[in-house]
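Peer 1:
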Amino acid sequence: MLSFPNRAVLMSLILPLTVWVMPPFAQAVDSARVPVQKQTKAGLYVDAREAYELKRELGEKALFVDVRTRAEISYLGMPSVADAHIPAFEHPPNAAWDDKSGRFKMEPNADFEPALARRLAARQLGKSDVVILICRSGDRTSRAANFLTEQGYSKVYSVIDGFEGDAVAEGPQTGQRVLNGWKNAGLPWTYKLDKNKMYLPGY
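With the working numbering applied, the sequence shown corresponds to residues 86 to 288, in that order.
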């Protein structure tokens, strides 16, 4: 007659197997189809829906950061589940005009990585933990992700369609951002900003 080991012994046999067979977060985004300007050195991409699910899955074990300017989040809102706002680039007070892009020029925020490190440390997280970055449409997050990779961060995900999504290239909605992105996916966002999440220079 077969005898079963006690519960402690049984669990010691099962748990390692459970951990081994649990797959890592599966990316649905095909890296080969990511536009050149949105590609990152780490090659870790999620679309808005995947970013939402990844954050829900990891909770406090992931830091979800909106890297847009203070003006953008002030007037356009931000994802409700974002943990922090840390601009990767900002408009200086005397910002010059960029003829090529048709907007005022932005400059890198020298405090971006230090501010991110402070947010991670407050949660007892570090460079090997998951960081999810979102901007307007995925261009700035790719540059920010590359910078962080160079600084030793190993799991930086870029939301390739961003908060507003990509602009329509042709047709009656040309230039409008209605293709994809956080807002167009119907994911939770808010105009009401939480001061505790905001980037406040000097604090």
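Yeah, the Cβ is synthetic: ideal placement off N, Cα and C, and Gly gets one too.
Would you kindly work out how many angstroms separate the C-alpha atoms of Pro-286 and Glu-175, rounded to a whole number?
Peer 2: Cα-Cα distance, rounded: 12 Å.
Peer 1: Are Pro-177 and Thr-154 close, meaning C-beta to C-beta below 8 Å?
Peer 2: No; because the gap between Cβ atoms is not below 8 Å, this pair is not in contact.
Peer 1: Mapping DSSP to helix, strand and coil, what is Leu-233?
Peer 2: DSSP places Leu-233 in helix when its eight states are reduced to three.
Peer 1: Can you name, in chain order, every residue of its own chain whose Cβ lies under 6 Å from the Cβ of Arg-169, other than the five neighbours on each side?
Peer 2: At residue 169 the sequence reads Ala, which differs from the Arg that was named. So the qualifying residues of the chain are Val-150, Arg-204 and Lys-282.
Peer 1: Measure the C-alpha to C-alpha separation of Thr-275 and Gly-162 and round it to an integer number of angstroms.
Peer 2: Those two C-alpha atoms are separated by around 5 Å.
Peer 1: Got a sec, what are the start and stop residues for the alpha helix (DSSP H) Phe-197 sits in?
Peer 2: Its alpha helix (DSSP H) spans residues 197-207.
Peer 1: Given Val-166, which residues of its chain have a CB within under 7 Å of its CB, disregarding the five upstream and five downstream residues?
Peer 2: Once the five neighbours on either side are set aside, the close Cβ partners of Val-166 are Tyr-137, Lys-140, Phe-149 and Pro-273.
Peer 1: For Gln-261, which residues in the same chain have their Cβ closer than 8 Å to its Cβ, ignoring the five residues on either side in sequence?
Peer 2: Once the five neighbours on either side are set aside, the close Cβ partners of Gln-261 are Ala-252 and Val-253.
Peer 1: So which of Pro-120, Ala-117, Gln-124 and Ser-116 has the shortest CA-CA distance to Thr-234?
Peer 2: With distances taken between Cα atoms, Thr-234 lies closest to Gln-124.
Peer 1: Please report how far the alpha carbon of Lys-126 lies from the alpha carbon of Ser-243, in whole angstroms.
Peer 2: Cα to Cα, the separation comes out at about 11 Å.
Peer 1: What does the Cβ neighbour count give for Glu-157, buried or exposed, with the cut at 16 atoms within 10 Å?
Peer 2: Buried, by the Cβ-count rule.
Peer 1: Met-86: buried (16+ other C-beta within 10 angstroms of its C-beta) or exposed?
Peer 2: With a pLDDT of 43 at Met-86, under the threshold of 50, the modelled position of that residue is not reliable, and the figure given next carries that caveat. Under this definition Met-86 is an exposed residue.
Peer 1: What three-state label does DSSP hand Glu-249 in the structure shown?
Peer 2: Coil, per DSSP.
Peer 1: Taking all protein chains shown into account, decide if Ala-195 is buried (16 or more other Cβ within 10 angstroms of its Cβ) or exposed.
Peer 2: When all chains shown are included, Ala-195 counts as exposed.
Peer 1: Go ahead and pull the three-state DSSP assignment for Ser-213.
Peer 2: If DSSP states are grouped into helix, strand and coil, Ser-213 belongs with coil.
Peer 1: Where does Trp-182 land, buried or exposed, given buried means 16+ other C-beta within 10 angstroms?
Peer 2: Per the 10 Å Cβ criterion, exposed.
Peer 1: Measure how close the beta-carbons of Val-119 and Ile-245 come, nearest whole angstrom, since I'm counting them as under 8 Å.
Peer 2: So it is a contact: roughly 6 Å between Cβ atoms.
Peer 1: Determine whether the beta carbon atoms of Phe-248 and Gly-271 lie at a separation below 8 Å.
Peer 2: Not closer than 8 Å, so no.
Peer 1: Grab the span of the alpha helix (DSSP H) containing Leu-139 for me, first residue to last.
Peer 2: From DSSP, the alpha helix (DSSP H) with Leu-139 extends over 133-143.
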